[in-house]
Amino acid sequence: MTELKETPERILDAAEALFAEKGYKATSLGEVAERVGIRSPSLYNHFKNKEALYQAVLNRLVALFNEPLTQLRAQPVTRERIMEWLHTMVDLHYQHPNFARLLQHAALANGSQSREIVDRLFRPLFSQESAPEPLAGFFQGNDLEPWAVMAFNNVVMSYITMAPMYQAMLPVEPLSEEGLARQKQLISQLAQLVFSAGEKAAGEKTAG
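For what it's worth, the numbering used here labels the leading residue of the sequence shown as 106, then goes sequentially.
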């Protein structure tokens, strides 16, 4: 009984790693089964096909990464709480680096998975329908807000996916605790610049 409960999670872990390494199209169910240590037919007892398995992997990750935004919006959104949220997102990407790699593969493939990820993960960050109050107005309601959201996501996620390339030129291991601290410091400074730009633009608009 315990084995049956554990097997789906083991399958999800293996599939997540393979989708992150190779992308959706290049990953086979046989590879997933081999990594888990089960026979391929046994995998179908838990997931009917590769698409269902990918969907389950995506559901688990999206739920994990959307939870901080849900918590952020559960109370009045302030600048301080946005900063905490940004740091939490950095932490999550460090703890679950497969997600950024999986997203990179999905973006390059630009298929249905990519569009679903945009709708479920990114659109809620600045959609007026899902969030009447944007994230305390990175740009005070300015139409640059979606670009600000994309820019911050790019900074956080590309750091994870590109860290191995830049490792030789950095003074510390990019995915170490010290690297994490420096990444948070950079995110904080960028956020402060964005807030300042938003306040300046709002002031100029009012003065005009």
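For every residue, glycine included, the Cβ atom is placed at its ideal position computed from N, Cα and C. What you are looking at is a predicted structure, and each value in this text was computed from that prediction instead of being measured.
Alpha carbon to alpha carbon, how far is residue i from residue j?
i    : j    : result
S133 : F300 : 45 Å
A273 : F257 : 24 Å
P113 : H151 : 6 Å
L169 : L191 : 14 Å
W252 : Q290 : 21 Å
K127 : E304 : 43 Å
A119 : S145 : 13 Å
So residue i packs on residue j, CB below 8 Å; how close in whole Å?
i    : j    : result
E121 : V162 : 5 Å
L123 : E136 : 6 Å
A212 : I265 : Rounded, the Cβ-Cβ distance is 14 Å, inconsistent with contact.
Q209 : Y129 : About 12 Å; that fails the 8 Å criterion.
A296 : P279 : Their Cβ separation, rounded to whole angstroms, is 20 Å, which puts A296 and P279 out of contact at 8 Å.
Which same chain residues, not among the five before or five after residue i, have their C-beta less than 7 Å away from its C-beta?
i    : result
R220 : none
Let's see if you can read the secondary structure: which residues bound the alpha helix (DSSP H) around residue i?
i    : result
N215 : Element bounds for N215: n/a, residue is neither H nor E.
E250 : 250–271
S145 : 145–148
R225 : First-last for R225: undefined, no H or E at that position.
V137 : 134–141
Report all residues from its chain with a CB closer than 8 Å to the CB of residue i; omit the five preceding and five following residues, and keep chain order.
i    : result
T193 : P173
V195 : V261, L285, Q288, K289, I292
Going by beta carbon distance, what residues of the same chain come within less than 6 Å of residue i, once the five residues before and after it are set aside?
i    : result
A179 : none
L207 : F124, A125
### Task
Could I get the ranges of all uninterrupted alpha helix (DSSP H) runs contained in the region 166–205, with 4 residues as the minimum, in chain order?
184–200
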